[in-house]
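Residue numbers (this note's numbering), protein chains in the order written: chain A, 1 to 113; chain B, 1 to 113. All C-beta atoms, glycine included, are put in the ideal place defined by N, C-alpha and C. Here is the structure we will look at, set down as structure tokens.
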Amino acid sequence: GENVEQHPSTLSVQEGDSAVIKCTYSDSASNYFPWYKQELGKGPQLIIDIRSNVGEKKDQRIAVTLNKTAKHFSLHITETQPEDSAVYFCAATPNNAGNMLTFGGGTRLMVKP
Amino acid sequence: DTAVSQTPKYLVTQMGNDKSIKCEQNLGHDTMYWYKQDSKKFLKIMFSYNNKELIINETVPNRFSPKSPDKAHLNLHINSLELGDSAVYFCASSQAPAVEKLFFGSGTQLSVL
């Protein structure tokens, strides 16, 4: 089955700096890679996703890049703000697994004002 | 007007008891899930239902029994609770064709004493 590893497990940045979270996956059949943000006491919320036919996708201050050859993808947050502080999860799923998402272990991002 | 709502938010109980967690979604989605998040924040799928039919059943003790009375509801019943069942349980839903895009509830924190 799919195995997703995520690094770092914790990340502390100064407000205004950039933050990068990296994930690797094992199943070359995976073709959908979402990122979820989980704020304290809440459920994870989808913030951005990318499919394997695209190398990069951007939405305002967040962007995701995908390297299928190396089987890794990354989340980039620019101009971080205190409200970006949360736990971020990457995930992957093969097309033939339908809705069977495998999540990474999560990254706790702390943005210091 | 919460999209995916689950009750209760907190559940504290003794070992050996039987308890239920309820989930309802008002998004009109066909697919619903139960995820377990352990103390290290690791998220793992437990069950998935599509139009009241079980489609994913991961390696979960048979003390856990999901029930879907209709496609808007997916309840989780747990028999003979054990200490290791302590975790946060998340309900989620999604809809074809974007079945991979999950909408999560806010979680139920289960503490077994």
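With 16 as the cutoff for other CB atoms within 10 Å, does residue i come out buried or exposed?
i, result
"residue 36/B", "buried"
"residue 33/B", "buried"
"residue 70/B", "exposed"
"residue 37/A", "buried"
"residue 8/B", "exposed"
"residue 41/A", "exposed"
"residue 100/A", "buried"
Give the residues of chain B in contact with residue i, contact being defined as C-beta atoms less than 8 Å apart.
i, result
"residue 68/A", "Within chain B, no residue comes near residue 68/A; the closest Cβ sits about 17 Å away, beyond 8 Å."
"residue 88/A", "The contacting residues do not exist; residue 88/A stays about 10 Å from chain B at best."
Identify the contact partners of residue i in chain B, using a Cβ-Cβ distance below 7 Å as the criterion.
i, result
"residue 64/A", "Result: empty, since nearest Cβ-Cβ is about 14 Å, beyond 7 Å."
"residue 25/A", "Simply none; closest approach about 14 Å."
State the Cα-Cα distance for the pair residue i and residue j, rounded to the nearest angstrom.
i, j, result
"residue 56/B", "residue 47/B", "5 Å"
"residue 93/A", "residue 30/A", "5 Å"
"residue 85/A", "residue 77/B", "34 Å"
"residue 11/A", "residue 66/A", "21 Å"
So, using beta-carbon positions, are residue i and residue j closer together than 9 Å?
i, j, result
"residue 71/A", "residue 102/A", "no"
"residue 27/B", "residue 103/B", "yes"
"residue 74/B", "residue 49/B", "yes"
"residue 5/B", "residue 105/B", "yes"
"residue 109/A", "residue 78/A", "no"
"residue 21/A", "residue 34/A", "no"
Taking residue i as the query, report the chain A residues whose CB atoms sit under 9 Å from its CB, ordered along the chain.
i, result
"residue 149/B", "Residue coverage of chain B in this structure runs from 1 to 113, which leaves residue 149/B outside it and unanswerable."
Below 9 Å on C-beta distance, what does residue i contact in chain B?
i, result
"residue 73/A", "Correct list: empty, because the minimum Cβ distance to chain B is about 14 Å."
"residue 1/A", "None at all; the shortest Cβ gap to chain B is about 10 Å."
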